[in-house]
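Since the structure comes first, as structure tokens, the remarks are kept for the end.
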Amino acid sequence: MSDSRPRSRAPSYATAGSISQDSKKARNSSIRSRFVLSSRCAATFGGPNVDIGPRISAAPVGLPDLPPGTTKSDGENAVAQRLQENDESGSGIKYRSCCWPKTAALLFAEYIGLAIMCFPAAYSQMGWFGGLLATVLNAALYQYTSLTLWEFCLRHPEVRDVCDIGRMILGGEAWGWWVTAVMFVANNTGLHVIVGSQYLNTAAASWSTPLCRTVLFSGIVSVICCITSLPRTFSKLSHLATLSAFFTLVSVILATVFMAIQAHPAN
1 MSDSRPRSRA PSYATAGSIS QDSKKARNSS IRSRFVLSSR CAATFGGPNV
51 DIGPRISAAP VGLPDLPPGT TKSDGENAVA QRLQENDESG SGIKYRSCCW
101 PKTAALLFAE YIGLAIMCFP AAYSQMGWFG GLLATVLNAA LYQYTSLTLW
151 EFCLRHPEVR DVCDIGRMIL GGEAWGWWVT AVMFVANNTG LHVIVGSQYL
201 NTAAASWSTP LCRTVLFSGI VSVICCITSL PRTFSKLSHL ATLSAFFTLV
251 SVILATVFMA IQAHPAN
């Protein structure tokens, strides 16, 4: 004979606990997913929550060495900045003195300089499709190298310039700094000497003996490059960068006007 008496139901603590655990896991998983997505976006377009990766050399004394896979916080940046400022407190040249407006002027002069004047000739040779394709590929390479350099500086905040980066990559030896400096100066000076001499040749096309004229103009531009390279800090160099960006804008306007009013470009 079956027992038909009602039985008391025990409270489902285990079930409630498991639901609570499941909801907590789901919430943590959602947070991790958002963090991973944010980290990937930051790694592609810049921003906070980026995985800065491991160092390639030991951290300086007093600078916290973060484990791989962590993110850079504002507190750690402040510590690194204070250490750098204290290290330069007794020196006559203080490299950490460039503010954001001056940095923007430097970037304008760097990326909107000679390269922008190459677009008309490049598009006239490659056409719209080839020119746009080359522009997109160059933009992607610029984005990749800029983010790589940015993450490197986040992980190594003690670096001051490209020569410090070259020394770290080449094993931390002094010769690595000098090799990088020579290559950097030769590249920039050579580029501007060639372009400057071509510009002066075009402006003085009525002169005779083009070869001697090119040598003379190359020497003039070399002297100008040496003089304008004397500022030791980005803060001082930003004043020249502002002038460079302004005259680049003027040259773009003039080139546009000249191409519109001339029957065809010279040569």
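Take the sequence shown: its position 115, counting from 1, is numbered 115 in the working numbering, and each next residue is one higher. In this text, a Cβ means the ideal position worked out from N, Cα and C, and glycines have one as well.
- Judged by DSSP secondary structure, Glu158 falls outside any alpha helix (DSSP H); it is assigned neither H nor E.
- Met183 has its alpha-carbon roughly 22 Å from the corresponding atom of Ser238.
- The continuous alpha helix (DSSP H) containing Arg167 extends over residues Val162 to Ile169.
- Counting the other CB atoms within 10 Å of its CB gives Thr180 a total of 16 or more, which places it among the buried residues.
- In the DSSP annotation of this structure, Gln262 is not part of any alpha helix (DSSP H), being labelled neither H nor E.
- With respect to the 7 Å criterion, Ala105 and Thr242 are classified as neighbours on the basis of their beta carbons.
- Around the beta carbon of Ser146, a 10 Å sphere encloses fewer than 16 other beta carbons of the protein chains shown; the residue is thus reported as exposed.
- In the three-state reduction of the DSSP assignment, Lys236 falls in the helix class.
- Under a 10 Å Cβ-count criterion, Ala58 is classified as exposed, with fewer than 16 other Cβ atoms of the shown protein chains found around its own Cβ.
- In the three-state DSSP reduction, Arg55 falls in the coil class, being neither helix nor strand.
- Going by beta carbons, Ala109 and Ala245 fall inside the 7 Å limit.
- DSSP places Tyr95 outside both helix and strand once states are collapsed to three, so it counts as coil.
- Apart from the 5 residues on each side of it in sequence, Thr189 sits with its Cβ closer than 6 Å to the Cβ of Cys225 in its chain, given in chain order.
- Just so you know, the alpha carbons of Ile93 and Ser124 end up roughly 47 Å apart.
- Here Ser124 carries a helix assignment [DSSP, helix/strand/coil].
- Contact annotation: Ser229 and Ser97 have beta-carbon atoms that are not nearer than 7 Å.
- Annotation: the continuous alpha helix (DSSP H) that includes Glu110 extends over Trp100 to Tyr111.
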